[in-house]
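Numbering (the numbering used here), first residue to last: 6 to 157.
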């Protein structure tokens with residue numbers, strides 16, 4: 006069975022009601038990994054959202070409560086997947102890439118490096134950046150499940 010690594014924007018689909026991509030992800034959780042890079046990005050965003058709501062008391066309690074509910078949903082979704090730790094091998098590969106590529110998107114590059122060193126396919130909606138990474142790193146394999154129907 007193929008294994009997959011969710012990019013941050015693919016994970017975010019799990020927070021969108023009635024997302025076809027989320028349904029496909031949920032049907033394949035046993036073969037999908039989350040990188041610690043993605044977990045960090047997602048948690049950082051959820052925490053920033055809470056901090057923003059706390060700073061804007063004029064929005065009222067509902068907004069803050071909604072932000073905490075989002076954090077709870079994020080944590081529940083993270084638990085569905087195996088976690089792929091960012092490794093020394095991934096960091097070495099990342100560091101070997103041109104600085105111009107690294108600056109394009111360090112998190113995407115780290116996710117890509119993790120996928121390459123483990124032989125896992127990245128699931129992303131960000132085909133533009135991952136195509137640019139693949140131009141430099143031919144071993145990178147990625148798929149956009151938002152635009153590709155699931156194999157029957």
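We put the beta carbon where it would ideally sit given N, CA and C, even for glycine. No experiment lies behind these values; they were computed from the predicted model shown.
Mind checking residue 144: buried by the 16 CB within 10 Å criterion, or exposed? Residue mapping note: residue 144 aligns to position 139 of the chain shown, counting from 1. Label assigned to residue 144: exposed.
In terms of alpha-carbon separation, which member of 8, 24, 12, 6 lies closest to residue 114? What you label residue 114 is simply residue 109 of the chain shown in a count that begins at 1. If we check each option's Cα against that of residue 114, 12 comes out closest.
Would residue 23 and residue 130 be called neighbours here (beta carbons separated by less than 8 Å)? Position 18 of the chain shown, counting from 1, holds the residue named residue 23. Position 125 of the chain shown, counting from 1, holds the residue named residue 130. Cβ atoms of residue 23 and residue 130: not closer than 8 Å.
So, for residue 18: in the same chain, excluding its five sequence neighbours on each side, which residues have a beta-carbon less than 7 Å away from its beta-carbon? Working through the chain shown from its first residue, we reach residue 18 at position 13. Excluding sequence neighbours, residue 18 sits near 24, 26, 27, 30.
Apply the 10 Å Cβ neighbour rule to residue 56 and answer buried if 16 or more other Cβ atoms are within range, or exposed otherwise. Counted from its first residue, the chain shown places residue 56 at position 51. Residue 56 is exposed by the Cβ-count criterion.
Whether or not the region 80-100 and the region 37-53 are in contact is what I'm after, with contact meaning three or more pairs of Cβ atoms, one per stretch, closer than 8 Å; do they touch? Yes, since at least three Cβ pairs between the region 37-53 and the region 80-100 fall closer than 8 Å, the two stretches touch.
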